[in-house]
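Residue numbers (UniProt numbering): 1 to 537.
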């Protein structure tokens with residue numbers, strides 16, 4: 001039996017240090033920064049300078065023309081796609097993280113739709129900000145449509161999306177879009193042909209904008225006086241022939257003509273609206289906007305037989321009617337309409353692919369105002385500012401679309417309250433995207449919490465640069481697009497009950513609930529929506 005003294009002590013083999021696991025996201029240096037460079041003799045080594053990743057928030061602006069929105073989408077040209085590539089080429093993102101934004105904590109404060117611009121966009125992530133000159137390197141890898149204002153250091157847990165309290169968007173709507181007599185429907189344009197008050201500048205754009213693809217109401221109420229497809233088909237063929245004849249007579253420049261000071265077919269004699277057309281012409285235009293071949297002939301004949309005195313007076317009246325302005329009365333009404341959106345509501349009718357039962361359909365609007373105007377390249381725009389916690393796809397454009405329809409007397413004010421109901425499904429018009437831009441993102445809670453240790457995340461330091469970018473890129477683009485393409489004018493011609501029958505849903509509901517709506521008294525409803533698609537009398 002061996003004694004303890006007789007045992008031989010064997011020392012354990014030396015333990016080797018385990019290899020450190022490669023982190024999923026490098027927070028200090030990239031792999032190649034630690035690599036040693038050997039001299040040909042193999043005696044000396046030199047190390048590259050080590051840079052650390054820093055969590056930062058980048059402030060920038062862009063003009064959205066030519067882009068399919070902010071969010072990266074495979075196969076599409078997007079703002080994020082170009083910005084990520086610029087960050088890589090500027091040295092802010094290493095090779096192994098290229099195209100994998102999760103590796104560097106990428107987050108955006110807001111998304112924008114196709115063609116929508118931004119002035120106060122913010123993104124966050126962990127980037128290499130050294131050596132100095134990151135902003136200049138980014139600009140050298142981006143198109144002139146971008147403007148990088150700068151960046152600020154933030155906390156390690158900062159996320160541009162989660163920490164954003166509110167977003168403010170601005171929509172520039174031309175003043176003429178709020179005029180009920182500007183860019184009328186196709187039938188009103190044709191009814192004016194041959195008179196001294198022809199809507200001749202609207203002839204082509206009314207035909208181009210008369211039909212909206214897919215604008216079919218998904219109403220939950222039955223409406224009785226909707227146009228039939230057979231009649232509409234006959235009208236379409238007649239209108240094409242009429243437009244072709246007029247274009248052959250030297251009206252090829254209609255498309256490029258100015259649409260702001262168009263002539264109109266109504267006069268105001270102080271006691272109310274009065275039509276310059278005979279009563280037979282007015283009666284031939286039904287509130288359903290149906291015109292058959294026979295009635296079309298009657299329109300033209302009756303116009304040609306109009307009194308010469310009335311034709312002479314029309315020129316003077318046209319000047320008066322073209323002086324529509326965004327005065328105090330119009331401002332008060334438009335802001336009252338926009339005020340219906342303020343608060344927490346179910347906006348399922350103001351977006352796509354979101355059901356009423358979905359919790360995400362409920363959004364909170366802080367404010368919605370339109371108190372100022374701006375003149376850009378001869379067009380006066382109303383500046384509509386909306387502030388909310390977050391917005392859904394097309395939500396703001398649909399909100400503007402309904403508000404404009406109400407201002408043009410195509411729908412009652414009560415339509416907004418009806419559309420915000422959870423059990424009502426309707427289709428509402430969507431305003432063009434060109435006038436919309438993201439103005440600023442707010443981080444109030446974050447700034448309050450970290451005000452003693454970190455910089456304030458706001459656009460205060462970049463206000464002058466942001467205003468300069470708006471004036472040089474965004475505003476001219478909006479005005480130029482309207483001058484060349486007439487995007488808002490074309491949309492206004494499609495704003496009728498044939499394309500959007502649900503604009504009369506609120507009237508149908510009110511008529512079922514009460515018989516007082518037809519008494520001609522002012523209310524939140526609307527007595528007769530006919531001015532949207534026919535002449536006033």
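Ideal Cβ positions, reconstructed from N, Cα and C, are used throughout, including at glycine.
Check: Quick check on the DSSP output: the alpha helix (DSSP H) that includes residue 176 runs from which residue to which?; Outcome: Run containing residue 176: none; DSSP gives neither H nor E here.
Check: So, are the CB atoms of residue 167 and residue 350 less than 8 Å apart?; Outcome: no
Check: What are the boundary residues of the alpha helix (DSSP H) that includes residue 477?; Outcome: 475-485
Check: Give the DSSP bridge partners of residue 387, in chain order.; Outcome: 168 and 367
Check: Go to residue 143, then tell me how far its alpha helix (DSSP H) extends in each direction, as first and last residue.; Outcome: Per DSSP, residue 143 belongs to no alpha helix (DSSP H) and is neither H nor E.
Check: In whole angstroms, what is the alpha-carbon distance linking residue 403 and residue 334?; Outcome: 7 Å
Check: Rounded to a whole number of angstroms, what is the C-alpha to C-alpha distance between residue 440 and residue 470?; Outcome: 12 Å
Check: Run through DSSP, which three-state label would residue 65 get?; Outcome: coil
Check: Beta-carbon of residue 142 versus every beta-carbon of chain D: anything under 8 Å?; Outcome: The structure shown has no chain D; it contains just one protein chain.
Check: Pull up the CB-CB distance for residue 388 and residue 366, whole angstroms please, since I reckon it's below 8 Å.; Outcome: 6 Å
Check: Can you tell me where the beta strand (DSSP E) holding residue 346 begins and where it ends?; Outcome: 343-346
Check: Using 8 Å as the Cβ pair cut-off and three pairs as the minimum, do the region 406-413 and the region 492-500 touch?; Outcome: yes
Check: With DSSP as the reference, label residue 54 as helix, strand or coil.; Outcome: strand
Check: Sorted by chain position, which residues of the same chain lie with C-beta nearer than 6 Å to residue 552's C-beta, five sequence neighbours on each side aside?; Outcome: Not covered by the structure: residue 552. The range shown for the chain is 1 to 537.
Check: Between the alpha carbons of residue 145 and residue 121, how many angstroms are there, rounded?; Outcome: 14 Å
Check: Give a yes or no on whether the C-beta atoms belonging to residue 88 and residue 98 are separated by under 8 Å.; Outcome: yes
Check: So, is residue 164 buried or exposed, given that buried needs 16 or more other C-beta atoms within 10 angstroms?; Outcome: buried
Check: May I have the straight-line CA-CA distance separating residue 265 from residue 183, to the nearest angstrom?; Outcome: Reliability fails at residue 265, whose pLDDT of 31 lies under 50, so the model's placement of it is uncertain and no value is given.
Check: State the Cα-Cα distance for the pair residue 505 and residue 393, rounded to the nearest angstrom.; Outcome: 23 Å
Check: Do you know how far the Cα of residue 51 is from the Cα of residue 83?; Outcome: 21 Å
Check: Spell out the partners DSSP gives residue 150 in its beta bridges.; Outcome: 59
Check: Would residue 376 and residue 476 qualify as a contact pair, given that the criterion is a beta-carbon distance under 8 Å?; Outcome: yes
Check: Quick check on this structure: which residue in 397, 468, 57 and 474 has the alpha carbon closest to the alpha carbon of residue 161?; Outcome: 57
Check: If you draw a straight line from the C-alpha of residue 399 to the C-alpha of residue 95, how long is it?; Outcome: 43 Å
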